[in-house]
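Note that the sequence shown covers residues 105 to 235 in the numbering used here.
Idealized CB from N, CA, C, for every residue including glycine.
See structure below.
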Amino acid sequence: LAFERDVAVGWCQLTPRDALPWLDRVWRLRRVDDMPVWSLSCLYVRKGYRRRGVTSALIAGAIKAAKAAGAPALEAYPLDASLTPSASGTGFASTFARAGFKIVARHTPARPIMRREFKLSAKRAKTKAIA
Numbered sequence: 105l106a107f108e109r110d111v112a113v114g115w116c117q118l119t120p121r122d123a124l125p126w127l128d129r130v131w132r133l134r135r136v137d138d139m140p141v142w143s144l145s146c147l148y149v150r151k152g153y154r155r156r157g158v159t160s161a162l163i164a165g166a167i168k169a170a171k172a173a174g175a176p177a178l179e180a181y182p183l184d185a186s187l188t189p190s191a192s193g194t195g196f197a198s199t200f201a202r203a204g205f206k207i208v209a210r211h212t213p214a215r216p217i218m219r220r221e222f223k224l225s226a227k228r229a230k231t232k233a234i235a
């Protein structure tokens, strides 16, 4: 959630992709590979607070939370503003690119699948190797 004082001005859905089975039923959002990514599947910013950095703050918070949960990567399904004028609750690809996301698939021109992969810390890498 994003707040300005005590007013909620935005939110996003963040969860392991496996918790969102509907994504696998949408051909343009089909899996890229078997990596157990987390998904930032939708965003909402309250009218009057748009174009003020709230989406970027939500993305930054999602990155931090996904890393803390041990996700190997965070995936998003934004729209390409050069091909469609509406963000449709998923944000724009350019905003995700500024946050370090890269396009990993484009099953349809207007909606790339973008991913930000996380480097494992030495401690997490060692724990993963032992497991």
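Worksheet item: With a CB to CB cut of under 7 Å and the five nearest residues on each side skipped, what residues in its chain are close to A164?
Response: Within the same chain, Cβ atoms closer than 7 Å to the Cβ of A164 are found at A203, the five residues on either side in sequence being excluded.
Item to complete: Using the Cα positions of A173 and R154, report the straight-line distance between them to the nearest angstrom.
Response: Taken atom to atom, the span from the alpha-carbon of A173 to that of R154 is near 28 Å.
Item to complete: On a CA-only basis, which of V130, V149 and K223 is nearest R215? Give me that one, please.
Response: The candidate whose alpha carbon is nearest that of R215 is V130.
Worksheet entry | Within 8 Å, strictly: CB atoms of L133 and I207 | Remark: C-beta atoms of L133 and I207 do not approach each other more closely than 8 Å.
Item to complete: Could you give the DSSP three-state label for A172: helix, strand or coil?
Response: Looking at A172 - three-state DSSP - the assignment turns out to be helix.
Worksheet item: On the three-state DSSP scale, how would you describe R202?
Response: Here R202 sits in helix by DSSP.
Worksheet item: How long is the line joining the alpha carbons of S192 and K223, rounded to whole angstroms?
Response: Approximately 30 Å between the Cα atoms of the pair.
Discussion item. My output table needs one value for T231: the three-state DSSP class, helix, strand or coil.
Written reply: Its pLDDT being 47, under 50, T231 is placed unreliably by the model, and nothing is read from it.
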